[in-house]
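Note that the numbering used here has the sequence shown beginning at 29, numbered continuously upward.
First comes the structure, then the notes that go with it.
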Amino acid sequence: MRIAIIGGGPAGLYFAILTKRSFPGHAITIYERNRPDDTFGFGVVFSDETLDNIERADPTTFAALKSEFSYWDDIEINFKGTTRRIGGNGFCGCARSRLLAVLQRQARSLGVDLRFQHEIEDVSEISADLVVAADGINSRVRDGYKDVFSPQIDQRPNRFSWMGSTRTLDAFTFHFRETEHGIFIAHCYQYEPDRSTWVLETDPETFARSGLNDLDEEEGARFMQRVFAKELAGHPLFINRSIWRTFPMIRCEGWVKDNIVLIGDAKATAHFSIGSGTKLAIEDAIELHRAFVRHPRSVEDALAGFEVGRREEVERTQHAADVSLVWFEHVRRFWHMHPTQFAFGLMTRSKAITYDNLALRAPDFVADVDELIASPKYGIVGEAVEESHPPAFQPFRLREMQIANRIVVSPMCQYSAVNGLPTDWHLVHYGSRAIGGAGLVFTEMTNVAAEARISPGCTGIYNDEQERAWARIVDFVHNNSATKFCLQLGHAGRKGATKLMWEGIDEPLEEGAWEIMAASPLAYFPHSQVPREMSRSDMDKVRDDYIAAARRGERAGFDMLELHCAHGYLLASFISPLTNHRKDEYGGSLDNRLHYPLEIFRAIRDVWPIHKPMSVRISATDWAEGGITGEESVEISRAFAEAGCDLIDVSTGQTVADAEPIFGRMFQTPFSDAIRNEAGLATMCVGNITTPDQANTIVAAGRADLVAFARPHLVDPSLTMRAAAWYGVADMPCPPQYLAGKDQLMRNSVRDRNDMNELKRRARPASRAQPPIARAAE
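Here it is in structure tokens:
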């Protein structure tokens, strides 16, 4: 086979080495536009995991590379005059020039034809059976076939520059420095004795105020030397094409065109804050080589197998990089935090590292986190708290309501009511989850009128019989658990008169439908009923319905009240510009669109007891062009807080049928994070949160105060009790009928957790780290 590789960086070189070693008869040519000893940047960084992948794929090249690496185990975080060192991480650095030199030698020794200063203007000029486009971020191959590869390039706002220094480092180091211009960040690591990489980053506003845009490279380096003078300790910063630029997040819908394949930065980029650019390149080369080992006689099959088999891992890495870079873009959001919480948030920003993971690798640091979250500032005020409890099992107070832990049963419609009346199903559903130990349980969206229901199976609290039924459930919860119970009130609006969920979610009833209304006469689906636009008299009636329902909720004994202003239901239809096309004082600007929902909130706040808290559920984004954005959700939350709201229940979407949400683990948590830390409000997050470890991570990082589990609670009413047992939280309330089961669970879970942690410790590869001074002496 004749193989042409465009681009002589790590991806192209390593694929050539692996392939030539497996298929010595293949003719492989690498075309590189630069000279062999040209290099831009300073060091590259790998994790222990990536080193293991290189060693398994090619022990010979690994042996040639390993002496070039500087190893370290710690991450050091310098923030507001404090230093935190967190061990157990396992990284190595290597000069990019040395990495390329080793790979070039290996490739030549195997017979790969390396052609430097050779620019490929047009792929069609190459005659080859396989063309590997490894030509980087500015790939001409990718750009030449945009209609096939469909690249999406998102230029992120922060500015950054790669510089080097003679400053010796024995950890991957983050420096955060506030100046009169704004905040600067340095991402630093050693890559050889007496040489370290300094990636310097700042937001666009700080960049503009500092005047860096008007400085040349040398002047810029001197400016940054002054900013980080203390951290550099007299050492200089030096440059190598150290221009200030923005980072392009690149994704391609396709990676293959006929016999052409994209690898490395040409096909996908990952932000430097997780050190994965070279990782992706090397692992692309490994996987592409494996595809040809599996399909040695078919380029088409090999490339198809590479794209299918590699895409999930690339997308996972890119997602982690996306979340990480956003954390750095919004570092001002976390500037108020205690240094310990700030460090924990930095360590867990990409979701790859969690509370449990850190507890294994840095137990003393996690113990400090637990102690911090147990302090009065982060939970209840003026009472002793058990410091040994993990964050999700620390209490929390809203007004005079004290919640025993931070785990919440999310509001989940059961579609099992009869004419709005909750039944024995609801008694068992809510009662069992309260006995299961959750700190707070929410009712499903409970409707303020018969015509406010989503479906015929939805609950209401608009007559005496319903009020008595709810009082029975509330009494059971209070008499048999320490759980607090919140009534969520709502009105379906244009999403009303629909089928039960399992018969077709949001699908209109074919018979028995009632008239619906909304902010504007816009149907949810094209075939849905068109709601009438609400008049002022309609608004008055709905307001009075809410007031009556709130009074019934208080008589039924609920501890808390939530107003549902999310998911495209009636009040949400006023807030979103996608569903509010009104021309009066209730439409147009955000202030106008909030006018009626705030009127409802104030009306029920006035009749709800002052000592009991109230929350509001919002859709923090509509996931659709022209809809609510994350930035607007902060303003929406502030408006409700000013009206007396104690907690924002942060959800997203479900506003319009053609929304395009971006799902993933804890995918709505960043919106909670923004609202909590920019608006200064208590928040509850929900959305693909599945484990107590995630709950601990979210609370400890300050991304939310309460964590709601939905689907996990559907099949596991005792989720909270089991989690408490796993973490050794023995003081969980439990009915006397179940105490024997609780005691057994506590004993077994502690043993099982210890066994699991020991297995994880044994499975973790031994650290390759060596003290930098020792390495230099060698």
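Here a beta-carbon is modelled for each residue, glycine too, at the ideal position from N, C-alpha and C.
Given the structure is predicted, the values throughout are model-derived calculations rather than measurements.
For residue j and residue i, believed in contact at Cβ under 8 angstroms, the rounded distance
{"i": "H595", "j": "S647", "result": "6 angstroms"}
{"i": "S483", "j": "T526", "result": "5 angstroms"}
{"i": "I211", "j": "F204", "result": "7 angstroms"}
{"i": "E229", "j": "F188", "result": "4 angstroms"}
{"i": "Y406", "j": "V394", "result": "Their Cβ separation, rounded to whole angstroms, is 15 angstroms, which puts Y406 and V394 out of contact at 8 angstroms."}
{"i": "V73", "j": "F119", "result": "6 angstroms"}
{"i": "G465", "j": "M760", "result": "5 angstroms"}
{"i": "R610", "j": "S565", "result": "With 8 angstroms as the limit, R610 and S565 do not qualify as a contact, their Cβ atoms being about 15 angstroms apart."}
{"i": "V778", "j": "G756", "result": "5 angstroms"}
{"i": "A298", "j": "G305", "result": "6 angstroms"}
{"i": "T725", "j": "T376", "result": "5 angstroms"}
{"i": "E341", "j": "N81", "result": "In fact, because the Cβ distance is near 11 angstroms, the residues do not count as touching under 8 angstroms."}
{"i": "L353", "j": "F275", "result": "7 angstroms"}
{"i": "R63", "j": "Q145", "result": "6 angstroms"}
{"i": "A551", "j": "G521", "result": "12 angstroms between Cβ atoms; not a contact."}
C-beta neighbour in chain B for residue i, strict 8 angstroms
{"i": "P764", "result": "This model lacks chain B altogether, as it is built from one protein chain only."}
Counted within 10 angstroms of its Cβ, other Cβ atoms place residue i as buried (16 or more) or exposed
{"i": "G410", "result": "With a pLDDT of 47 at G410, under the threshold of 50, the predicted position of this residue should be treated as unreliable, though the coordinate-derived value follows. Looking at its Cβ environment, which holds fewer than 16 other Cβ atoms inside 10 Å, G410 is exposed."}
{"i": "N241", "result": "exposed"}
{"i": "R30", "result": "exposed"}
{"i": "L787", "result": "exposed"}
{"i": "A296", "result": "buried"}
{"i": "A309", "result": "buried"}
{"i": "R168", "result": "buried"}
{"i": "A691", "result": "Inspection of the sequence shows that residue 691 is occupied by Phe rather than by Ala. It counts as exposed."}
{"i": "W453", "result": "exposed"}
{"i": "I33", "result": "buried"}
{"i": "E806", "result": "Low local confidence applies: a pLDDT of 25 at E806 is under 50, so the model's placement there is unreliable, and no value is given."}
{"i": "N475", "result": "buried"}
{"i": "N507", "result": "exposed"}
{"i": "W530", "result": "exposed"}
{"i": "K523", "result": "buried"}
{"i": "K108", "result": "exposed"}
{"i": "R789", "result": "exposed"}
{"i": "P763", "result": "exposed"}
{"i": "I638", "result": "exposed"}
{"i": "M784", "result": "exposed"}
{"i": "L128", "result": "buried"}
{"i": "V469", "result": "buried"}
{"i": "T657", "result": "exposed"}
Per DSSP, the bridge partner or partners of residue i
{"i": "P761", "result": "Beta-bridge pairing links P761 to no other residue."}
{"i": "I34", "result": "Y59 and A161"}
{"i": "G71", "result": "A123"}
{"i": "D677", "result": "R645 and M712"}
{"i": "I45", "result": "Paired residues: none, contrary to the question."}
{"i": "Q180", "result": "R279"}
{"i": "K512", "result": "L468"}
{"i": "W2", "result": "Examination of residue 2 is not possible in this model, given that the chain is present from 29 through 806 alone."}
{"i": "P536", "result": "T526"}
{"i": "L517", "result": "T474 and L591"}
{"i": "A497", "result": "Bridge partners of A497: none, in fact."}
{"i": "G192", "result": "T225 and F266"}
{"i": "Q218", "result": "S224"}
Original post:
Can you list the alpha helix (DSSP H) stretches of 4 or more residues lying completely in the segment 91-172, in chain order?
Top reply: 124-137 and 168-172
Subject >> Those runs of the alpha helix (DSSP H) which lie wholly inside the segment 226-304 and span at least 4 residues >> reply: 232-238, 245-255 and 257-260
**OP:** Counting only runs of 4+ residues fully inside the segment 597-673, write out the alpha helix (DSSP H) ranges in chain order.
**Re:** 598-603, 618-635 and 658-670
**OP:** Decide if the segment 93-107 is in contact with the segment 141-155; the criterion is three or more beta carbon pairs, one per stretch, under 8 angstroms apart.
**Re:** no
Original post:
How do the segment 284-293 and the segment 30-47 stand: do at least 3 beta-carbon pairs fall below 8 angstroms, yes or no?
Top reply: yes
Original post:
Within the chosen definition, does the segment 744-753 reach the segment 728-736 through at least 3 CB pairs nearer than 8 angstroms?
Top reply: no
Original post:
Any contact of the segment 705-725 with the segment 662-670, i.e. 3+ C-beta pairs under 8 angstroms?
Top reply: yes
Original post:
Touch check for the segment 219-229 and the segment 179-193: three-plus C-beta pairs under 8 angstroms?
Top reply: yes
Subject >> At least 3 beta-carbon pairs within less than 8 angstroms: the segment 43-56 vs the segment 136-146 >> reply: yes
Original post:
Taking one C-beta from the segment 396-405 and one from the segment 365-383 each time, how about it: are there three or more such pairs within less than 8 angstroms?
Top reply: yes
Original post:
Should the segment 241-251 be regarded as contacting the segment 265-285, the criterion being three or more beta carbon pairs within less than 8 angstroms?
Top reply: yes
Original post:
Counting only runs that start and end within the segment 724-788, where is the alpha helix (DSSP H) found for 4 or more residues in a row?
Top reply: 739-743 and 747-754
Original post:
At which residue ranges does the segment 361-440 contain complete alpha helix (DSSP H) runs of 4 or more residues, listed in the order of the chain?
Top reply: 367-375, 383-389 and 391-401
Original post:
Hey, is the segment 584-591 in contact with the segment 623-635, meaning 3+ C-beta pairs nearer than 8 angstroms?
Top reply: yes
**OP:** For the segment 152-160 and the segment 178-185, state whether three or more C-beta atom pairs, one from each stretch, are separated by less than 8 angstroms.
**Re:** no
**OP:** Count the C-beta pairs between the segment 514-522 and the segment 574-590 that are closer than 8 angstroms, then say yes if the count reaches three, no if not.
**Re:** yes
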